[in-house]
Each structure stands twice: as C-alpha cells, then as structure tokens.
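The sequence shown: position 347 = 347 (UniProt numbering), numbered continuously.
Backbone N, C-alpha and C fix where the C-beta goes; we use that ideal spot for every residue, glycine too.
First up is the structure itself, then whatever we jot down about it.
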Amino acid sequence: MAEKVLVCVAWPYANGPLHLGHIAGAYLPADIFARYHRLKGNQVLMVSGSDSHGTPITVQADREGISPRELFERYHRVFLETWQKYGISFDLFTHTDTENHHRVSQDMFLRLLENGYLFRQTQRQFYSEVSRRFLPDRYIEGTCPICGYERARGDQCERCGTLLEATQLIHPRSRIDGSTPVLRETEHYFFNLPAFTEPLLNYLRDKGYWRPNVLTFTLNYIRQGLQPRPITRDLDWGIPVPLEGFEGKVLYVWFEAVIGYLSATIEWAALQGRPEAWKDWWYDPAAKIVYFIGKDNIPFHTIIWPAQLIGTGRLYEEDPSRRFTLPYDVPANEFLNLEGDKFSTSRNWAVWALDAASRYAVDALRYYLTAIMPETQDSEFRWIDFIRHNNEELLSIWGNLVHRVLTFAARHFDGQVPMPGRMEPRDAEVLARVDVSFETVGRLIEGCRFRQALETVMGLAAEVNRYLNEREPWKEIREDRNRAATTLYVAMRAIDSLKIMFAPFLPFSSQRVHEMLGYEGDLVGRLTVRAVAERTREHLVLTYEADPRIRWEPSRLTPGQRLREIRPLFEKIDEGRAEEERARLGQPTA
Numbered sequence: 001m002a003e004k005v006l007v008c009v010a011w012p013y014a015n016g017p018l019h020l021g022h023i024a025g026a027y028l029p030a031d032i033f034a035r036y037h038r039l040k041g042n043q044v045l046m047v048s049g050s051d052s053h054g055t056p057i058t059v060q061a062d063r064e065g066i067s068p069r070e071l072f073e074r075y076h077r078v079f080l081e082t083w084q085k086y087g088i089s090f091d092l093f094t095h096t097d098t099e100n101h102h103r104v105s106q107d108m109f110l111r112l113l114e115n116g117y118l119f120r121q122t123q124r125q126f127y128s129e130v131s132r133r134f135l136p137d138r139y140i141e142g143t144c145p146i147c148g149y150e151r152a153r154g155d156q157c158e159r160c161g162t163l164l165e166a167t168q169l170i171h172p173r174s175r176i177d178g179s180t181p182v183l184r185e186t187e188h189y190f191f192n193l194p195a196f197t198e199p200l201l202n203y204l205r206d207k208g209y210w211r212p213n214v215l216t217f218t219l220n221y222i223r224q225g226l227q228p229r230p231i232t233r234d235l236d237w238g239i240p241v242p243l244e245g246f247e248g249k250v251l252y253v254w255f256e257a258v259i260g261y262l263s264a265t266i267e268w269a270a271l272q273g274r275p276e277a278w279k280d281w282w283y284d285p286a287a288k289i290v291y292f293i294g295k296d297n298i299p300f301h302t303i304i305w306p307a308q309l310i311g312t313g314r315l316y317e318e319d320p321s322r323r324f325t326l327p328y329d330v331p332a333n334e335f336l337n338l339e340g341d342k343f344s345t346s347r348n349w350a351v352w353a354l355d356a357a358s359r360y361a362v363d364a365l366r367y368y369l370t371a372i373m374p375e376t377q378d379s380e381f382r383w384i385d386f387i388r389h390n391n392e393e394l395l396s397i398w399g400n401l402v403h404r405v406l407t408f409a410a411r412h413f414d415g416q417v418p419m420p421g422r423m424e425p426r427d428a429e430v431l432a433r434v435d436v437s438f439e440t441v442g443r444l445i446e447g448c449r450f451r452q453a454l455e456t457v458m459g460l461a462a463e464v465n466r467y468l469n470e471r472e473p474w475k476e477i478r479e480d481r482n483r484a485a486t487t488l489y490v491a492m493r494a495i496d497s498l499k500i501m502f503a504p505f506l507p508f509s510s511q512r513v514h515e516m517l518g519y520e521g522d523l524v525g526r527l528t529v530r531a532v533a534e535r536t537r538e539h540l541v542l543t544y545e546a547d548p549r550i551r552w553e554p555s556r557l558t559p560g561q562r563l564r565e566i567r568p569l570f571e572k573i574d575e576g577r578a579e580e581e582r583a584r585l586g587q588p589t590a
C-alpha cells in the first residue's frame, strides 16, 4: 500500500544566493528522499519556499537602500533558478509573503490565543537612540554567554547553537549603526512553551530511530527547562498581528516561517483544484512528515513547531477528533565546511551554487555533495577531492561501465540489446546481487543514510565492471558469440537497474542512460516556474511533475530493444583546476 510522505525542507532566507553548504545541508538530501519515494509509488509532496520576513531580509535591504520586498523577490527568483539547475524537485516552492501564508499564520496565532497558550507581557527590548527604533534580535550582536563567541546574534549563537534572547548577550551592539542600545519597555504576546514539556516528552518517547545528535540535542534542551518565547515583535515588515492595539507589530519569524510547511501544502492543494487534499498528510496519523534542515534549526522543528501543532490542534477542520500530524523524522544535517574553514558569505569564502553549476556537471556536484554529506558530523568540501571523486569514481567506474558496454553492443550486436544464451551461475549471481540491492539501498534512503546508499550503488557498478573483466566479452565475441551475448545482456540489465538506483542521486545522467538504452520516459521530471494570482498581487512559484511510469524495481530489459546514440556520461576534470578554484575563494565579488 502506498505511503503518504510529506517532505518539508528548510525555508532559506531570501537575502542572498545559495552556496553548496546550503545544497548539501538540506536541499539535496530532501530531493534524494523525495525522488526515491516517488519511484516507489508513494504519495509524495515536497514543499518549501523563500523566507521573506526574517530580519536578515530587512538588514540586507537597509544596507542596499531598497525595500524588503524588492530584496526578497530578487533572491526568490535566484532560488527558483537554482532549484531548476540542480533538479531539486519541489512540488511547490513558494514564499512567506503570500496572502495564503498570512492567513494561515494569523489563524494559527488566533487559535493558540483561543486555546490559552498565548499571554501578554511587557518586556524590555533594545532600542537604538541613534536610529530611533526598536531593534529586532538579529539587529543585535554581542558575546554569547554560553561559549564566548563574540559575534553571536540576538536570537541564536551560530557557534554553539544556543537559542538566546538579545538581552542575554554580553556587550550588545547594533548591527545597523554600531551603537550600544538601551533597554525600553514594549508589550508583546508570548508563547507558553513550558506548558508543552510533558506533551513533547511523550511525543519523543518513540523517536529512537532519529539521528542521535538530533534526539540528544532535543531532549537536553527540554530538560534544561523550556521558557516562554515572544511571538510578536516591533517591526514594520512581516505578518501583522491580527489584534486591535497591536498595530505596528508583526508575528515573530520563528513562529510564522515554520507554518509555511502547512500553508505551502494548502497552497499546493488549491493549485491542484483539490482544496482539501492537504489534509491527506496533515490529518492522517499514518502519514510520514519528514523535515530536512541544518543543525542550527533543530529546536525550531523538534520542539517549537510540534508545540505549535499540539497547541493549535486543528485548523479548517470541523471533526474534533482530528489533530495535526506531528513530525515523523527530522534528519538534521551538521555543517559542511570549505577548504579548512567555515562557509562565510561576508568573506566570500563560499562556492556559490549557480556559479559552480556553470562550470561543472550538476550530477558531478550532486555526487560529491552526497558522498561527503554531513549527516552525523561536520564534513569538508575540498576541490581536489571533488575532482578525484569525479575522475576516479563517476567517470572511471560508472561512466566507463556504461560507455564500454553500450558501445560494444552497438558495434557487435547491431545497436540492439543482445539475446542471451544459457545463464551460468556467475551470470545469475551478478543479476541477483543487483536485484536484491533495491531493497538494501531503499532501506538506507528511507533511513536518510544517503552516503551509504550511494556508496552501495557505486560498489555494485564496480562489481559489474569486475564481472566484465572476468568474462572478457571482447575475447568471447571471437570464440563464442552466444556467450558474449549473454555477458553483454547481463551487464546491460545490471546497468538498467543501476540507472534506477542512481536516479535519486544523479537524475540527469540517469536520464541519459535511460535514453541510450532505448527507453521513453523521464527520470528527471519537469520543473516549471509559474505565476500565481491572489487578490492583491501575484507571486512566482516552482512546481514539479514526475513521470509515473518509471518505478523502483529491477530491470526488465527486453532483448532486441534498440539503443540510441551512445555518448560519454562524464568528462575528466584536470586536477590543476583545484588550485584555480581555491584561488577564487575569499576574493571580492564583481
């Protein structure tokens, strides 16, 4: 029976382009996961969008002298281009400044208020006497009281991951004007997070399958004692608080951004002409909702968002027995570093996603980023390592296998899949090993162990290469044509299966193998940018259409099937380019 799988992916701040750390951290693993489940025939939906309201947006807009909307719309378009280039298969990629998202966020706020989980409180907040404005948390930086990092933000320390209040910072200063801010009183609504301590612990009791780093962090965070969190802020950019007397205040971005997973699903359903379809995931306790994020977002997705869902109970649903589906898994990745240092946008110590894709094959980048994915600990991107993975694995093992088998068949068997003769034990052994690996690789992907899954598939390709070297069909063709035909058929059927197992990781080159083998159908799928009209304005979204004809199952390659034009899958990269790429790092952008 098909499973219902909702793939929720971190919402990137639309204040700058994406780098490969972002791709490896959340977007590539989510895409691998979604592509696999679609091939399995499951009911899959993958959603995300641009975070349009965070203070990183307003800070950058202030620096550039433009409006926050102008800034986020610029980078929203860049994100759409990036997903298309990398084949990140969002069924819907939208943003948080839609009328739909405003409505859903305000309705959740009001339901939490109605259910008694919000309260008003006066707090002291930093105010810049130079700029004459209250300063949101990300407008403040200072020294972290936990680890001593001197550039901690007012909401979270990037070094140790601790969630902070701006007033906890030592030696706070304004990021806008550099002044030392003063504290002034202002009234806000607070989310009574401590009320959810026991419900959250009950929810987490059966989550032993989570990654240990995620579960340990979450439990420790709860056991240290949950604190109420302000849910509104003094800011003129964001979703207005839907209450009289709170004009000039907006919903805190930590609260409304995660609601985007729900609002995006609702928007997708409306675009399908099936406005109730979102409930297939959000009100079915058997549905699996999986969140792909970086480790800095763990508490928002394992504590705060589940608390919001529990406290709200339900929206747009009359049946009182139905409750929101809580996260099934949150496979947060650690950080990807770059050539011995952290990715840094301010220092341009980064490999920008679109720039890299303009010089290298996207599947080569996807392959390497999966091979080094920081699943349980920080990992390192090194240019020489990328080049060697391309040359020694993608090209020498997989690309070489495909090219030499298909060109041999084209030359000696009239461009067709040969009719095999009698299968010997070694032939059957190779095919059986490949066939049974669908289950092995599938379990690894379902468990979000993408590195091991990819390594397993590449290991199978290496084994088929060894089989060819043992059989030596280039000799068999002179001595026993039927025997050579059997060897070629076994290798081609293995390649046909491997192409499916590689498809979640390497969709573009898998599609080329699919075509060279003479098949119709599309392993990549179709990504389309479209405009969505709402009452007051329209916005751009990305949608995806998969080909339902192709399945996660062993090859049924038919003898006599005609091959198409055979072309090399990958190109060799000169190792000298590693130094050229390193020299780019840290250089001023044009």
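Asked                                                                                                                                                                                                : Found
Please work out which residues of its chain come closer than 6 angstroms, Cβ to Cβ, to residue 599, disregarding the five sequence neighbours upstream and downstream, and give them in chain order. : Given a span of 1 to 590 for the chain in the structure shown, any question on residue 599 remains unanswerable.
Are there 16 or more other CB atoms within 10 angstroms of the CB of Tyr-209, so buried, or fewer, so exposed?                                                                                       : exposed
Assuming the contact rule is C-beta atoms closer than 8 angstroms, Glu-393 and Met-458 should be a hit. Round their C-beta distance to whole Å, please.                                              : 6 angstroms
Quick check on the DSSP output: what are the complete alpha helix (DSSP H) runs of length 4 or more inside the stretch 297-332, in order along the chain?                                            : 305-312
Name, in chain order, the residues that DSSP records as bridge partners for Thr-345.                                                                                                                 : DSSP output for Thr-345 lists no bridge partner at all.
Looking at Gln-125: is its Cβ nearer than 7 angstroms to the Cβ of Phe-119?                                                                                                                          : no
Check whether the stretch 56-68 and the stretch 497-513 touch, using three or more Cβ-Cβ pairs below 8 angstroms as the test.                                                                        : no
Looking at Ala-307: is its Cβ nearer than 7 angstroms to the Cβ of Leu-193?                                                                                                                          : yes
Residues in the same chain with beta-carbon distance under 7 angstroms from Ile-266, minus the five sequence neighbours each way, listed in chain order, please.                                     : Asn-100, Val-104 and Trp-278
So what does DSSP say about Gly-65, is it helix, strand or coil?                                                                                                                                     : coil
How about Gly-161 and Ile-140: are their beta carbons less than 7 angstroms apart?                                                                                                                   : no
Based on Cα-Cα distance, which residue from Thr-122, Ile-23, Ser-346 and Ala-428 lies nearest to Leu-354?                                                                                            : Ile-23
Report yes or no: do the stretch 464-481 and the stretch 522-536 share at least 3 C-beta pairs separated by less than 8 angstroms?                                                                   : no
What is the DSSP secondary structure of Pro-56, reduced to helix, strand or coil?                                                                                                                    : helix
Going along the chain, which residues of its own chain have a beta-carbon closer than 8 angstroms to the beta-carbon of Ile-57, five neighbours each way excluded?                                   : Tyr-13, Ala-14, Asn-15, Asp-51, Pro-68, Leu-71, Phe-72 and Trp-237
Spatial neighbours of Asp-97 within its chain, please: C-beta separation below 8 angstroms, excluding the five flanking residues on both sides.                                                      : Ser-52, His-53, Arg-69, Phe-72 and His-539
Given that a residue counts as buried once 16 or more other Cβ atoms are within 10 Å of its Cβ, and exposed if not, what is Leu-201?                                                                 : exposed
Spell out a yes or no on whether the stretch 354-374 and the stretch 566-577 are touching, meaning 3 or more CB-CB pairs, one atom from each, closer than 8 angstroms.                               : yes
Could you tell me which of Phe-109, His-102, Val-78 and Arg-382 sits nearest to Pro-230, measuring between CA atoms?                                                                                 : Phe-109
Since Leu-92 and Val-541 should fall inside the 8 angstroms C-beta cutoff, what is the C-beta to C-beta distance between them, to a whole number of angstroms?                                       : 6 angstroms
Tell me the rounded alpha-carbon separation between Pro-145 and Pro-228.                                                                                                                             : 19 angstroms
Quick check on this structure: which residue in Phe-324, Tyr-489 and Arg-567 has the alpha carbon closest to the alpha carbon of Arg-422?                                                            : Tyr-489
Report the three-state DSSP secondary structure of Lys-249 (helix, strand or coil).                                                                                                                  : strand
With a threshold of 16 other CB atoms inside 10 Å of the CB of Met-419, please say whether the residue is buried or exposed.                                                                         : exposed
Take Thr-94 as the anchor and find which of Arg-443, Ser-379, Ala-2 and Leu-271 has the nearest alpha-carbon.                                                                                        : Leu-271
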